[in-house]
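Please read the structure below before turning to the comments.
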């Protein structure tokens, strides 16, 4: 896995918890999910080629 992706997901979770303390509501949970997906997509788009992960399971 990617440490960068893990750090970004963790940071967005912490940031959204303090900025938008509505995690007890459906809208808060959906907003957190959107932030997490956006962060993951940003890492994949901007650093995906540098991650050197093998999702095919070939183990080269």
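Numbering (the numbering used here), first residue to last: 10 to 69. C-beta: ideal position from N, C-alpha, C; glycine also. Nothing here was measured: the structure is a model prediction, and the numbers come from that model.
Taking the beta carbon of residue i as the centre, do at least 16 other beta carbons fall within 10 Å, making it buried, or is it exposed?
i          : result
residue 24 : exposed
residue 39 : exposed
residue 12 : exposed
Spatial neighbours of residue i within its chain, please: C-beta separation below 8 angstroms, excluding the five flanking residues on both sides.
i          : result
residue 51 : 17
By Cβ distance, which residues of its chain are closer than 7 angstroms to residue i, with the 5 residues on each side in sequence left out?
i          : result
residue 44 : 21, 25
Could you please give the first and the last residue of the uninterrupted alpha helix (DSSP H) stretch that includes residue i?
i          : result
residue 15 : 12 to 28
Quick one: what's got a C-beta closer than 6 angstroms to residue i's C-beta in the same chain, skipping five residues either side?
i          : result
residue 41 : 25
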